[in-house]
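In terms of the working numbering, the sequence shown opens at residue 1 and continues consecutively. Virtual Cβ for every residue (Gly too), placed ideally from N, Cα, C. Report on the following structure.
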Amino acid sequence: MAILVTGGLGYIGSHTCVELMNAGRDIVVVDNLYNCKKSSYDRIKALVGRDFKFYECDIRDAKGLAKIFENEDIDSVIHFAGLKSVPESVREPLKYFDNNINGTLVLLDVMRNHGCKKIVFSSSATVYGINNVSPLTEDMEVGGVTNPYGRTKYMIECILKDLCTSDEEWSVCLLRYFNPIGAHKSGTMGEEPNGIPANLMPYITQVAIGKLEYLNVNGSDFDTPDGTGVRDYIHVVDLSIGHLKAVDKIEGENGLFIYNLGTGVGYSVLDVVNAFEKASGVKIPYKIGPRRAGDVATCYSNSSKAFKELGWKAERGIEEMCEDSWRWQKQNPNGYPD
Ligand code: NAD
Ligand code: UFG
1 MAILVTGGLG
11 YIGSHTCVEL
21 MNAGRDIVVV
31 DNLYNCKKSS
41 YDRIKALVGR
51 DFKFYECDIR
61 DAKGLAKIFE
71 NEDIDSVIHF
81 AGLKSVPESV
91 REPLKYFDNN
101 INGTLVLLDV
111 MRNHGCKKIV
121 FSSSATVYGI
131 NNVSPLTEDM
141 EVGGVTNPYG
151 RTKYMIECIL
161 KDLCTSDEEW
171 SVCLLRYFNP
181 IGAHKSGTMG
191 EEPNGIPANL
201 MPYITQVAIG
211 KLEYLNVNGS
221 DFDTPDGTGV
231 RDYIHVVDLS
241 IGHLKAVDKI
251 EGENGLFIYN
261 LGTGVGYSVL
271 DVVNAFEKAS
281 GVKIPYKIGP
291 RRAGDVATCY
301 SNSSKAFKEL
311 GWKAERGIEE
321 MCEDSWRWQK
331 QNPNGYPD
C-alpha cells in the first residue's frame with residue numbers, strides 16, 4: 001500500500017516524502033515540475049537511502065493519473081500540488097482556478113474511480129480571512145479571503161466537505177498551514193522561490209547571501225508590539241511530521257477532520273530579522289516601506305486540536321528555523337541544480 005504524494009518534489013512535499021519514507025511508508029510521487037527541479041527527487045533519495053516511484057504528470061491529466069492508479073497500489077493521497085503565489089493569483093486568477101480547483105476535481109474523480117477515498121489536503125491559514133481574531137481556531141467561520149489564491153483553498157475545502165457529506169466512505173483531512181519556513185538539517189533540501197521572493201524568510205536569506213540589497217518591511221504601523229506584521233512561523237520538518245499523523249488519522253477513521261498546523265506563537269517581521277541575524281551572524285539591512293495590500297496585522301494559530309487529536313505539536317523554535325534556512329541558502333546559493 002502506497003501513499004500518493006501530489007506536488008511531492010516541491011518545498012513542503014519533498015520534506016514530507018523524507019519523513020514518510022523514514023517512517024517506513026511507501027510513497028509514489030506525482031509532480032509536473034512546474035515549480036521544482038527534478039534534482040529534488042535525487043536529494044530525497046540520497047537523504048533516505050531508498051528509491052521511490054516518481055511520475056512526471058500534471059494532476060489535470062485524468063488519463064495520466066488513472067494510469068498511475070492502475071500501476072500502483074495507492075491507498076491514500078497527500079495533495080500538495082498547487083500554485084501558491086498570492087500576487088500572481090491576483091494577476092492571473094484563471095490560471096489559479098484551473099490549476100488548483102480543476103486539478104483537485106480531476107484528482108478526486110480519478111481517486112473515486114479507483115476506490116481510493118482518503119485524502120490529506122494542503123490548506124492554509126489564509127482561509128480564516130481578515131475578520132477572525134488570533135489565536136485562530138478550527139471552529140471559526142472561514143471564507144473572508146482577500147485574493148484568488150486564498151479563494152482556491154477555501155473553495156477546495158468546501159468541495160471536500162461536500163464530498164464527505166455525500167459519501168461517508170470518504171476520509172478527508174484539511175491541514176491549515178501557518179507560515180512554513182526552515183529547511184532540512186542536512187542543508188540539501190529547502191525552499192526555492194521563483195524570481196524575487198514574495199515571502200519573508202526567502203527574502204531575508206537572499207539579502208544575507210548578497211543577492212538582494214535590503215529587506216523591505218511591509219509597514220510598521222500595524223497594531224502589534226513593534227508595528228510590523230505578526231505571523232506564526234513553523235519549521236517545515238514539524239509541518240511534514242504533521243502529515244504523517246494526519247495520514248494515520250484518515251487511515252483509521254472516515255469523516256472530515258480539520259487541523260491548524262502552527263506553533264501557536266507569533267513573531268513580528270523585526271523579531272524574525274533579529275532571530276536570523278543571531279542564528280547566521282549576518283546583518284540584515286532593512287527599510288520600512290508601506291503596507292502590502294491585503295496583509296492582516298496578526299495571524300497565529302491555536303494548534304491544540306492537532307495535539308489533542310493527533311498527538312502532534314511543533315517542536316522546533318525560531319532559532320532552529322533561521323539556522324536551517326540559512327544553511328540551505330548558503331550551501332545552495334542558486335537553489336537546486338538543473
Ligand atoms: P511548491 O510550489 O514548492 O510545491 C508545489 C508542487 O506542486 C511543485 O513541485 C509543483 O511543481 C507541483 N505542481 C503544481 N501544480 C501542479 C499540477 N497541476 N500537477 C502536478 N504538480 C503540480 O509549494 P509548497 O510551498 O511546497 O506548497 C505545497 C502546498 O501547500 C500548496 O498547495 C500550497 O498552496 C500549500 N501551502 C503552502 C504554504 C507556504 O507558505 N509554502 C502555506 C499554506 C499552504
Ligand atoms: N514581509 C515583509 N517583507 C517581505 C515579505 C514579507 O515585511 O519582503 C512581511 C509581510 O508583510 C508579513 C510577514 O512578513 O507581515 C510574512 O509575510 P509572508 O509573505 O512570508 O507570509 P504571509 O503571512 O503573508 O502569507 C503566507 C503565504 C500565503 C499563506 C499565508 C497563510 O504566502 O500563501 O502565509 O498560510 F496563505
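Next on the checklist: What does the alpha-carbon distance come out to for the pair Pro337 and Arg43?
Outcome noted: Taking the first residue of the sequence shown as position 1, residue 337 is located at position 337. Taking the first residue of the sequence shown as position 1, residue 43 is located at position 43. Just so you know, the alpha carbons of Pro337 and Arg43 end up roughly 10 Å apart.
Checklist entry - Can you name, in chain order, every residue of its own chain whose Cβ lies under 7 Å from the Cβ of His114, other than the five neighbours on each side? => result Sequence index remark: in the sequence shown, residue 114 carries index 114 (1-based). Excluding five sequence positions before and after His114, the CB atoms of its chain that fall closer than 7 Å to its own CB belong to Phe69, given in chain order.
Item to check | Exposed unless 16 or more other CB atoms sit within 10 angstroms - verdict on Gln331 | outcome: Within the sequence shown, numbered from 1, the residue matching residue 331 stands at position 331. In the assembly as shown, Gln331 is an exposed residue. Its beta-carbon has fewer than 16 other beta-carbons within 10 Å.
Checklist entry - Taking the Cβ atom as the reference point for each residue, do Val90 and Asn131 lie within a distance shorter than 7 Å? => result Position 90 of the sequence shown, counting from 1, holds the residue named residue 90. Position 131 of the sequence shown, counting from 1, holds the residue named residue 131. Not a contact, by the Cβ cut-off of 7 Å.
Checklist entry - Is DSSP giving Lys38 helix, strand or coil here? => result As a first step, residue 38 is located in the sequence shown; it is residue number 38 there, counting from the start. Three-state result, Lys38: coil.
Next on the checklist: Can you find the residues in the same chain that come closer than 6 Å, C-beta to C-beta, to Leu108, ignoring five residues on each side of it along the sequence?
Outcome noted: For this step, residue 108 is matched to residue 108 along the sequence shown. None.
Checklist entry - Phe80 and Ser122: beta carbons closer than 7 Å? => result Counting from 1 along the sequence shown, the entry for residue 80 is found at position 80. Counting from 1 along the sequence shown, the entry for residue 122 is found at position 122. A contact, by the Cβ cut-off of 7 Å.
Checklist entry - In angstroms, rounded to a whole number, what distance separates the CA positions of Leu239 and Ile181? => result To locate residue 239, count along the sequence shown from 1; it is residue 239. To locate residue 181, count along the sequence shown from 1; it is residue 181. Taken atom to atom, the span from the alpha-carbon of Leu239 to that of Ile181 is near 10 Å.
Checklist entry - Which whole runs of the alpha helix (DSSP H) in the region 262-322 are 4 residues long or more, in chain order? => result Complete alpha helix (DSSP H) runs here, min 4: 269-280 and 304-310.
Checklist entry - Cβ of Ser39 within 6 Å of any heavy atom in the ligand NAD? => result For the purposes of this step, residue 39 is taken as the residue at position 39 of the sequence shown. The answer is no for Ser39.
Item to check | Same chain only: Cβ atoms within 7 Å of Ser171, ignoring 5 sequence neighbours per side | outcome: Here residue 171 is taken as the residue at index 171 of the sequence shown, counted from 1. Closer than 7 Å at the Cβ level, and outside the excluded window around Ser171, lie Lys117, Lys118, Ile250, Glu253, Asn254 and Gly255.
Checklist entry - Is any heavy atom of the ligand UFG found at a distance shorter than 6 Å from the C-beta of Asp221? => result Locating residue 221 in the sequence shown gives position 221, counting from the first residue. Relative to the non-hydrogen atoms of the ligand UFG, the Cβ of Asp221 never comes closer than 6 Å to any of them.
Checklist entry - Is the beta carbon of Ser124 within less than 6 Å of some heavy atom of the ligand NAD? => result For this step, residue 124 is matched to residue 124 along the sequence shown. Indeed, a heavy atom of the ligand NAD lies less than 6 Å from the Cβ.
Checklist entry - Using the beta-carbon count (16 or more within 10 Å), is Met189 buried or exposed? => result Mapped onto the sequence shown, residue 189 falls at position 189. Within a 10 Å sphere around the beta-carbon of Met189 sit 16 or more other beta-carbons, which makes this residue buried.
Checklist entry - Residues bridged to Asp26 by DSSP? => result Indexing the sequence shown from 1 puts residue 26 at position 26. Note: Asp26 sits in a beta bridge opposite Ala2.
Checklist entry - Per DSSP, Gly255 is paired with what? => result Taking the first residue of the sequence shown as position 1, residue 255 is located at position 255. Per DSSP, Ser171.
Checklist entry - Are the beta-carbon atoms of Thr228 and Thr298 separated by less than 7 Å? => result As a first step, residue 228 must be located in the sequence shown, where it is residue number 228. As a first step, residue 298 must be located in the sequence shown, where it is residue number 298. The criterion of a C-beta distance shorter than 7 Å is not satisfied by Thr228 and Thr298.
Checklist entry - By the 10 Å Cβ neighbour count, where 16 or more other Cβ atoms means buried, how is Pro202 classified, buried or exposed? => result As a working note, residue 202 is residue 202 in the sequence shown. Burial of Pro202 is indicated by the presence of at least 16 other C-beta atoms within 10 angstroms of its C-beta.
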